[in-house]
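Residue numbers (the working numbering): 29 to 542.
The C-beta atom is built at its ideal place from N, Cα and C for all residues, glycine as well.
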């Protein structure tokens with residue numbers, strides 16, 4: 029009954045057949061990358077569905093390699109010790125995880141320091157790890173590729189801030205355009221002469237230079253980097269925003285200005301404690317906020333989206349064949365989850381085809397979420413029945429899924445919640461429901477109840493479970509069952525079908541066909 033075998037008909041349109049067993053995809057099943065930045069050193073090991081991988085391992089050490097670089101011209105001595113120890117640990121961990129060879133890149137601090145090359149040689153001699161020191165435009169390009177990993181069709185301007193530099197890159201049509209760099213990292217700004225007035229003049233001058241190089245950029249601004257993510261956390265705190273997922277969090281230029289003022293007025297220790305920001309990071313946030321306000325003023329983006337994906341994801345994207353890059357990260361991730369965890373891998377597609385008549389007028393972006401829901405409808409079956417609905421909602425809204433806006437996370441979560449229960453009241457997540465309007469909540473309920481009913485009709489694809497016909501003008505829902513499927517329509521199935529019809533505000537009719 030596994031519907032993923034080769035005898036299955038061609039797969040869902042533009043999404044193509046699964047690539048899990050493709051040699052080029054399998055080669056990316058576990059990839060380790062190391063990012064040696066001016067402020068932190070991080071190891072990430074990706075695993076799972078190559079197009080939308082899970083974070084198998086993720087560790088960051090705040091080393092401060094670039095602290096004092098502007099004054100001394102050299103890497104911070106204590107930072108060197110911490111970074112060397114971290115890199116030695118990461119290399120040993122990677123061997124244990126079978127994630128070698130690691131891909132390691134060093135950015136602004138190492139490339140600018142007088143002793144940068146000597147440090148690279150020391151790391152390789154001591155740990156065996158080969159580091160590649162990249163220039164500013166290459167850093168910008170890799171960060172932009174990381175954004176494309178999560179948003180294949182993204183267009184706009186990627187702004188990546190590190191400790192010692194800030195990079196900009198254009199993206200459009202799945203390609204990276206112009207890339208530029210600047211010395212606008214917070215660690216660098218801390219050593220600018222002239223106090224706040226001198227720093228403000230320096231920031232304005234550097235952003236004006238970037239504007240001259242990049243031209244007008246009125247579209248979306250994608251924010252990459254730990255300091256930007258910290259500002260987003262603080263924005264959530266200021267607004268009381270309930271879904272604490274940074275990826276795809278949206279802000280407006282006005283919100284940025286208001287949050288910068290909020291940062292300046294609040295006690296930094298209390299603020300970092302509320303928002304879960306480290307002391308080292310919080311020290312950089314006010315400087316980063318000054319830069320972001322000037323970027324807003326100069327480039328005037330239409331809106332701002334936070335990206336949790338950056339240079340490390342860009343390094344993974346770099347290794348992908350084009351046919352893998354072209355896939356939808358959400359659908360690929362959901363397919364992988366179904367294959368790994370569902371009781372009947374492949375039934376999600378059958379379920380999608382069965383409930384599709386209810387959504388004939390849905391736009392492509394909504395059909396995409398419906399496909400994702402059908403693939404995920406059974407992956408949490410091992411959870412305790414009393415909590416299964418809430419586990420579904422929590423997983424959909426907070427899981428590491430690429431290509432999902434926050435509103436789409438909530439819609440998907442509500443649909444999967446209704447896959448297991450009729451009512452959404454009485455959960456721990458009711459404060460999230462209002463992130464989508466009532467009519468969207470109803471559509472998610474209908475989707476969930478359609479899956480809840482369809483999941484009762486397990487049969488081989490070849491057997492045919494029948495079909496549903498929906499007449500929205502007449503408000504009539506018909507269920508056409510084959511003779512083979514008729515015995516499956518028991519009391520529970522009938523109750524679930526009635527509940528679906530009730531949510532549609534429809535009369536129902538059951539038709540048996542030969």
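Between the beta-carbon of residue 185 and that of residue 250 there is about 7 Å, and that keeps the pair under the 8 Å contact cut.
Counted as a single uninterrupted DSSP element, the stretch harbouring residue 444 is not any beta strand (DSSP E) but the alpha helix (DSSP H) occupying residues 434 to 446.
A contact is defined here as three or more CB-CB pairs under 8 Å, and the region 164 to 171 fails this definition with respect to the region 217 to 227.
Residue 307 is classed as exposed because its beta carbon has fewer than 16 other beta carbons within 10 Å across all chains shown. Assignment of beta-bridge partners to residue 498 by DSSP yields 505. Between the C-alpha atoms of residue 254 and residue 448 there is a straight-line separation of about 37 Å. Per DSSP, the continuous beta strand (DSSP E) segment holding residue 184 begins and ends at 184 to 189. Between the region 256 to 264 and the region 306 to 320, the count of Cβ pairs shorter than 8 Å is three or higher; the stretches touch. Per DSSP, residue 181 lies in no beta strand (DSSP E) and is assigned neither H nor E. Its chain contains 398, 402, 475, 478, 479, 482, 496 as the residues whose beta carbon lies nearer than 8 Å to that of residue 383, once the 5 sequence neighbours on both sides are disregarded; these appear in chain order.
The count of Cβ pairs closer than 8 Å, one atom from the region 349 to 368 and one from the region 72 to 90, reaches three, so the stretches are in contact. For residue 345, the secondary structure class from DSSP, reduced to helix, strand or coil, is helix.
For residue 540, DSSP records a beta bridge to 509. Close CB contacts of residue 521 within its chain, under the 8 Å cut and outside five residues either way in sequence, are with 481, 484, 485 (chain order).
Looking at the DSSP output, residue 159 sits in a beta bridge with 132.
In this chain, the beta strand (DSSP E) harbouring residue 87 covers 82 to 90.
Residue 191 is positioned such that its CB atom lies closer than 7 Å to that of residue 215. Annotation: the continuous alpha helix (DSSP H) that includes residue 301 extends over 296 to 303. It is roughly 25 Å from the alpha-carbon of residue 315 to the alpha-carbon of residue 142. The continuous alpha helix (DSSP H) containing residue 419 extends over residues 416 to 426. If the five residues before and after residue 472 are omitted, its C-beta is found closer than 6 Å to the C-beta atoms of 439, 442, 443, all from its own chain and listed in chain order. By the neighbour-count criterion, in which 16 or more other beta carbons inside 10 Å mark a residue as buried, residue 530 falls on the exposed side.
Bounds of any alpha helix (DSSP H) do not take in residue 194; it lies within the beta strand (DSSP E) bounded by 194 to 200. The alpha-carbon of residue 280 is positioned some 24 Å away from that of residue 295.
Relative to residue 106, the option among 117, 429, 122, 89 whose CA is nearest is 89.
Per DSSP, reduced to three states, the secondary structure at residue 361 is helical.
Looking at the DSSP output, residue 278 shares a beta bridge with 333.
Sorting 179, 433, 378 by C-alpha distance to the C-alpha of residue 463 places 433 at the top.
A Cβ-Cβ separation of about 26 Å leaves residue 120 out of contact with residue 345 under the 8 Å criterion. Annotation: the continuous beta strand (DSSP E) that includes residue 252 extends over 248 to 252. Under the three-state reduction of DSSP, residue 464 is assigned to coil, being neither helix nor strand. For residue 326, the enclosing alpha helix (DSSP H) covers residues 307 to 327. Around the C-beta of residue 407, 16 or more other C-beta atoms lie within 10 Å, and the residue is accordingly described as buried. By the neighbour-count criterion, in which a residue is buried when 16 or more other Cβ atoms sit within 10 angstroms of its Cβ, residue 412 is exposed. Taking residue 494 as the centre and dropping the five residues before and after it, the same chain places the C-beta of 508, 509, 510, 513 closer than 6 Å to its C-beta, in chain order.
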